[in-house]
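Take a look at the structure below.
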Amino acid sequence: MIELQNIFYEYSKGWPRKQHQIVLSDISVKLCMGKTFGLMGHSGTGKTTLGKIVVGLIKPYLGKISFHGKDISQLASPDWLFFRRKVQMLFQDPQGSLNPKKRIDASLRDILNITKIPFNQQKQAIEDVLKTVGLSTDFLLRYPAQLSGGQNQRISLARILLLKPEFIVLDEPTSALDISVQAQILFLLRELQKNHGLGYLFISHDPEVIQYMSHSIGILKDGNLDIIQEG
Amino acid sequence: MKDLIFQRKKYFTRIGGFLFILFLLIAIFSHFIAPFQLRDRFDPFLPPGLKHLLGTNDIGNDLFTEFVYGSRTTLLVGLLTGAFAVSIGVLVGLFAGYHGGVIDELLMGITDVVLIIPRIPLIIVLSAFLRPSVGLMILVMSILWWTSTARIIRSRTMQIRSMGFVESARCLGFSSWHILFYEILPNIVMIIIPEFLITVASAMISEASLSFLGLGDPTLKSWGMMIHHAFQRGGFLNGMWWWYIPPGIGITLFVLSMVFLSFAFEETEIGIGEEVAIVPFNR
């Protein structure tokens with residue numbers, strides 16, 4: 630379980646006199662494995678910022694984030710690496726999430742190399758993960774620009790799955806995709822949750838999508854999180 | 002617009018590439034191409050002819066042989082200075098742009114200090130006090146020539162740092178080292194190559210200028226040294242154009258090839274399957 634306790638975050642800009650804008654104010658929420666927490670809110674309310682705080686990409690101004698009961702700011706190197714691999718984020722822009730100069734094969738192998746999977750087992754691992762996300766190995770020699778948005782999003786998901794995560798922050802993963810592809814990705818995400826027991830923080834503007842995906846729902850407004858549905 | 006860019010790129014690449022390869026082959030195979038040895042002596046002040054394609058100088062050395070061997074020194078100085086200076090600039094720019102904060106301010110502070118050092122006067126002073134040599138020239142130019150590369154690489158790195166795939170790589174747990182050299186670096190190669198080519202051209206012109214001023218390595222033949230000797234030993238006064246015009250043309254054509262190739266890389270940045278993006282041309 631990931632627990633956020635009294636999270637505050639503010640942006641500061643301007644020089645020489647800095648102006649501070651509070652984005653998140655006293656956010657406390659529990660994110661459980663195997664469940665989806667849907668997060669809604671208008672643009673600029675700090676949904677993505679909260680997502681990045683959950684995965685540890687940015688540090689909160691105040692507050693504590695616990696992963697399996699341990700404060701992530703106090704984690705020693707091996708525990709931090711474990712957290713880093715187990716809590717992942719799927720970004721909004723499918724094509725932008727992949728290095729444009731690398732073939733899909735290289736992007737996937739990079740992940741296998743950091744997880745120290747031997748080279749002779751990498752081919753099988755790639756085939757398995759591509760099968761899981763519903764893609765064939767024909768895509769391996771292509772560049773991200775040669776794939777559709779939906780295919781790129783599946784590749785990004787495949788990269789994350791190679792790390793065997795426990796929790797994924799899904800930052801509007803279908804907003805850049807057309808309706809039919811959206812449905813396929815959402816169905817795939819639910820299947821993965823069912824089969825692997827993954828926990829999700831699902832960020833979206835679309836109330837119907839949030840309703841379909843989530844067990845609990847919260848709305849971010851003026852820096853505060855209102856829980857409107859408990860799962 | 003896209004066709005026009007491709008057409009220009011094609012011509013720049015062909016002309017620049019042809020000249021570059023031509024001079025490179027001359028430099029590499031100079032001992033096969035040169036008809037005589039550098040120390041061989043013939044009748045002095047001979048005009049161009051069948052035996053001596055560019056005539057002979059005041060002490061009877063064959064000028065075509067000097068031209069061919071001279072290309073070796075000039076290209077060596079240019080290419081080595083380009084390689085060293087661009088390597089320093091890329092490393093400084095990558096680290097400053099990716100890490101930001103104190104590291105950025107420190108590295109850019111050093112860059113600013115190096116940037117305001119007057120380059121040619123410093124080399125002239127050093128050459129006057131130390132024993133002039135090609136190694137010293139390459140070393141000093143490498144230490145001074147990296148600043149513009151560092152600034153350009155830093156700004157591009159700062160742009161790329163905030164892109165989705167870098168953020169994704171950080172989230173996936175890749176090290177800073179991997180992100181810098183395997184994620185960001187492949188995306189700035191198209192900026193590094195023109196920087197290298199322009200640095201090579203700049204170093205070659207500087208080498209020629211210093212050699213012309215008599216501050217080059219007197220034991221080695223270079224195109225700049227040929228012009229220096231023509232000036233010192235009466236080539237200009239006696240109207241012996243075959244002594245000073247060919248090295249001048251050699252320097253001009255090689256620098257032109259560098260500029261054409263850098264245009265070709267700088268004007269378009271094309272990745273496989275990507276749309277054409279025009280890179281700002283602001284050198």
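Chains as they are written, first to last, in the working numbering: chain E, 630 to 860; chain Z, 2 to 284. For glycine and all other residues, C-beta sits at the position ideal for the given N, C-alpha and C. Source: prediction; values computed, not measured.
- Interface flag for glycine 670 of chain E against chain Z is unset, since no Cβ pair is found closer than 7 Å.
- The C-alpha of histidine 100 of chain Z lies about 57 Å from the C-alpha of glycine 235 of chain Z.
- In this structure, the beta-carbon distance from glycine 71 of chain Z to proline 45 of chain Z does not fall below 7 Å.
- Relative to leucine 827 of chain E, the option among E:Ser702, E:Pro794, E:His671 whose CA is nearest is E:Pro794.
- CA-to-CA, the gap between proline 836 of chain E and aspartate 807 of chain E works out to about 17 Å.
- Under a 10 Å Cβ-count criterion, asparagine 853 of chain E is classified as exposed, with fewer than 16 other Cβ atoms of the shown protein chains found around its own Cβ.
- With respect to serine 128 of chain Z, valine 69 of chain Z sits apart: the two C-beta atoms are not nearer than 7 Å.
- Between the alpha carbons of phenylalanine 197 of chain Z and aspartate 700 of chain E lies a gap of roughly 48 Å.
- Taken in chain order, the complete beta strand (DSSP E) segments of 3 residues or longer contained in the stretch 739 to 815 of chain E are 796 to 800.
- Inclusion of threonine 677 of chain E and tyrosine 829 of chain E in the CB contact set at 7 Å is not warranted, their separation being larger than that value.
- In this model, isoleucine 27 of chain Z and glycine 136 of chain Z are separated by some 22 Å (Cα to Cα).
- Contacts with chain Z at 7 Å (Cβ-Cβ) include phenylalanine 720 of chain E.
- When rounded, the separation of the alpha-carbon atoms in alanine 204 of chain Z and glutamate 184 of chain Z is 30 Å.
- Between leucine 770 of chain E and arginine 732 of chain E, the CB-CB gap stays under 7 Å.
- Going by DSSP, phenylalanine 65 of chain Z is part of the alpha helix (DSSP H) stretching over 64 to 100.
- The criterion of a C-beta distance shorter than 7 Å is satisfied by arginine 155 of chain Z and glycine 98 of chain Z.
- Between leucine 262 of chain Z and glycine 90 of chain Z, the beta carbon gap of about 18 Å keeps them out of contact (Cβ cut-off 8 Å).
- Counting only Cβ-Cβ distances below 8 Å, glycine 174 of chain Z has contacts in chain E at Leu710, Arg713, Arg714, Ile743, Leu792, in chain order.
- DSSP places glycine 225 of chain Z inside the alpha helix (DSSP H), whose first and last residues are 224 to 233.
- In the three-state reduction of the DSSP assignment, asparagine 853 of chain E falls in the strand class.
- Against chain Z, a Cβ distance below 8 Å from glycine 725 of chain E picks out Met164, Gly165, Phe166.
- Ranked by how close their Cα comes to the Cα of glycine 663 of chain E, the residues E:Thr761, E:Leu818, E:Ile857, E:Leu679 have E:Leu818 in first place.
- In the assembly as shown, arginine 73 of chain Z is a buried residue. Its beta-carbon has 16 or more other beta-carbons within 10 Å.
- Bounds of any alpha helix (DSSP H) do not take in threonine 665 of chain E; it lies within the beta strand (DSSP E) bounded by 665 to 670.
- A straight-line Cα-Cα distance of about 48 Å links phenylalanine 85 of chain Z and serine 695 of chain E.
- If you draw a 10 Å sphere on the C-beta of phenylalanine 7 of chain Z, you find fewer than 16 other C-beta atoms in it, and that means exposed.
- By a beta-carbon distance limit of 8 Å, leucine 216 of chain Z contacts isoleucine 125 of chain Z. Their separation comes to about 6 Å.
- The residue among Z:Phe266, Z:Val256, Z:Met227 with its C-alpha nearest the C-alpha of proline 195 of chain Z is Z:Phe266.
- In this structure the stretch 795 to 802 of chain E does not lie against the stretch 751 to 767 of chain E, because fewer than three pairs of beta carbons, one per stretch, are closer than 8 Å.
- With a threshold of 7 Å between beta carbons, valine 838 of chain E makes no contact with chain Z.
- For glycine 680 of chain E, there is no enclosing beta strand (DSSP E); the enclosing alpha helix (DSSP H) has its first and last residue at 676 to 684.
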